[in-house]
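Q:
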Amino acid sequence: MTVAFFSGSRRRAAVALGAVSAGLLVLSACDKPTPLATLTVGTESVHTEAACYNDGNAIKESQIQECLNKKAEKTITVSTDDKIRFGVDPKIADNGWTIFLGGQQAEPEPYKKTYRTIPASAFFSSQSGEATDKTQVTIVENTGKKLTGIWHFQLKKDTNS
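Structure below.
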């Protein structure tokens, strides 16, 4: 003869409590996601988490160049007459952000809004003035003195336009 330790409703409550506890344990082991950066061209958008991020604190000086040199995982195809819309998480905009091209800073001051539009043609000439078919665009969160996050995108020139 078997004796039930718990009644049906108590057993369901114990199982539910166990499931919630296990879920919280799994979530506590996950890394916190980084803020997102997004590029939109026409109706196509790509977004990515940071290639390097230190939860809003400065990235170590020894890691900055390595982070800036990482290859973009997200690519978007653009025509030279398209407009590229850059969007960042408000957390990024609060500190300020700048655009880097090929690992080099392309603008002098951090931008403090979450959204901006730049013509695609601005991204498709090399430093020597030659036309290029692709370029890496990097969004860098910074306070003007320290870099706190780095997001990479690859722009690929649409050859059919």
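Residue numbers (this note's numbering): -13 to 147. Idealized CB from N, CA, C, for every residue including glycine. None of the values given here were measured: they were computed from a predicted structure.
#1: Within the continuous alpha helix (DSSP H) that includes I106, where are the two ends?
#2: CB-CB under 7 Å to F110, same chain, minus the five flanking residues each way: which ones, in chain order?
#3: Taking the C-alpha atoms as reference points, what is the distance between V12 and K18?
#4: When DSSP labels each residue in this structure, what does L22 get in the three-state scheme?
#5: How big is the Cα-Cα spacing for T26 and E47?
#6: In chain order, what residues of the same chain have a beta carbon less than 7 Å from the beta carbon of P105, not counting five sequence neighbours either side?
#7: Just verifying my parser: in three-state terms, what is the DSSP assignment at S31?
#8: Short check: CB of L22 to CB of V64, under 9 Å?
#9: Taking the alpha carbon of Y101 as the reference point, which residue from N43, E52, I125 and S107 has its own alpha carbon closest?
#10: Among the residues of its own chain, which have a CB less than 7 Å from the CB of K99, if the five just before and after it don't count?
#11: Under 7 Å Cβ to Cβ from L10, same chain only, skipping five residues before and after it: list those, please.
A: Based on what the coordinates show:
#1: Reading off the sequence shown, one finds Ala at residue 106, where the question assumed Ile. Membership of A106 in any alpha helix (DSSP H) is not indicated, and neither H nor E is assigned to it by DSSP.
#2: T66, A117, T118, T121 and K143
#3: With a pLDDT of 42 at V12, under the threshold of 50, the modelled position of this residue cannot be trusted, and the question is left open.
#4: coil
#5: 31 Å
#6: K69
#7: strand
#8: no
#9: I125
#10: Only residues of its own chain outside the window of five on either side were considered, and among them A79 have a CB closer than 7 Å to the CB of K99, listed in chain order.
#11: Annotation note: pLDDT 44 at L10 (below 50); position unreliable, no value reported.
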